[in-house]
Structures are given as structure tokens and as C-alpha cells.
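For the sequence shown, the working numbering gives the first residue as 339, with consecutive numbering after it. Don't be surprised by glycine CBs; every beta carbon is placed ideally from N, CA and C. Quick caveat: nothing in here was measured; it's all calculated off a predicted structure. Heads up: the structure comes next, in C-alpha cells.
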Amino acid sequence: MNNISLEKLNQTVGAIKENPELGMKRWTANIKWKGGVENQIGIRNFTPILTDEPEILGGTDKGANPVEYLTGALGSCFAITFQVMASQNGISLKKVDVDVEADLNAAVFLGLEEGYGGIFNIVINLNVASSASEDEIRKIANIALSKSPVLESVKHKPKLNISFVK
């Protein structure tokens, strides 16, 4: 349904029910500094992703910055969660567009102010075309909001390990 392989998804659900340890998956990324504020992100065997900063933040603007990628990841993960949950509930989708807005206080990042340095005032705008009722869409969207792994991840502080190389 909705071009989502529910058969594969249900196989995964069944396997995790039988063996809960399968539900834990480690995701990895490797970041290599290229100079300045330019970095290259390697994920699995995909083409590396370039991150940079706009010129006003000391970069060369060769790629989106990490906050822009995070904003995109938030919206994409919410969209995927919504699409999967709608499909699992037999809801046919004709269109799903998501726009995300978030604020960031650059003064905290630049050391000019103390305070919260992450993104805030996150707004997700969901535009859906479906034969489902507005109530059904709202219900699935609100559940997706609470189940999206990336949205949930921004609530937790990561553990930091540092190793020095000579």
C-alpha cells in the first residue's frame, strides 16, 4: 500500500516480536573534516554528503549545514513514520508533503550568549491528500509525531567519547 512493502515490514515486526533483541539496530556515520567548516558524511555505501556553512558563518556554502540537514531529517522521518502508519491502517495516500521550520539562536553557537543552542520552535506543516477523514489523518499524524525516531532523538543528549591521535 502506498508503495510501501507491508509484507517486508510485517516480516520485520514478526521477527522482532519473536526475538526482541532484533529491534535494536546501531546506525553509524563517519565524518571526515575537509578543511574550514567543510565536512564529508559517509553513511553505509552511499555517496558521501557534504556539509558546509554559509559564508556569513565562516564557510564556503558548498553544501547545506548540519542544522539544515537536521531540519530535513526531522521532516523526512516524520513523513516516513506517517506514511508507514497510514499504510498499516489501510489509509491510501495520494500526496504527502511536509515543510519544517525551526529557529536557532546563532549567538549561542558563536559564544556571544549563554542559553539553549539547539533548534526550537519546530513547526511541521503536513499537507495530505487522501480519501481518509480529517480525523483519521489527524490521529495518524499525532501518533507519528510521537513515534518518529528522529523527532524523539532530539530530546536526548548524546554520550561523548573523545580519543586523541598523534
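| Query | Result |
| --- | --- |
| Simplified DSSP assignment, three categories, for residue 480 | helix |
| Buried or exposed (CB count within 10 angstroms, at least 16 for buried), residue 385 | exposed |
| Cβ-Cβ separation, residue 469 to residue 344 (assumed contact under 8 angstroms), whole Å | Actually they do not touch by this definition, with Cβ atoms about 18 angstroms apart. |
| C-alpha gap between residue 370 and residue 428, whole angstroms | 43 angstroms |
| Host beta strand (DSSP E) of residue 458 (start-end) | 458 to 468 |
| Which of helix, strand or coil DSSP assigns to residue 403 | coil |
| Check whether residue 434 and residue 413 have beta carbons under 8 angstroms apart | no |
| Touch test, the region 365 to 380 against the region 394 to 409, Cβ-Cβ under 8 angstroms, three pairs minimum | yes |
| Classification of residue 486 by the beta-carbon crowding that lies within 10 angstroms, buried from 16 upward | buried |
| Residue from 357, 407, 422 with nearest C-alpha to residue 388 | 407 |
| Distance between residue 450 and residue 423 (C-alpha atoms, nearest Å) | 43 angstroms |
| Host alpha helix (DSSP H) of residue 348 (start-end) | 344 to 356 |
| Minimum C-alpha distance to residue 440 - residue among 461, 353, 362, 447 | 461 |
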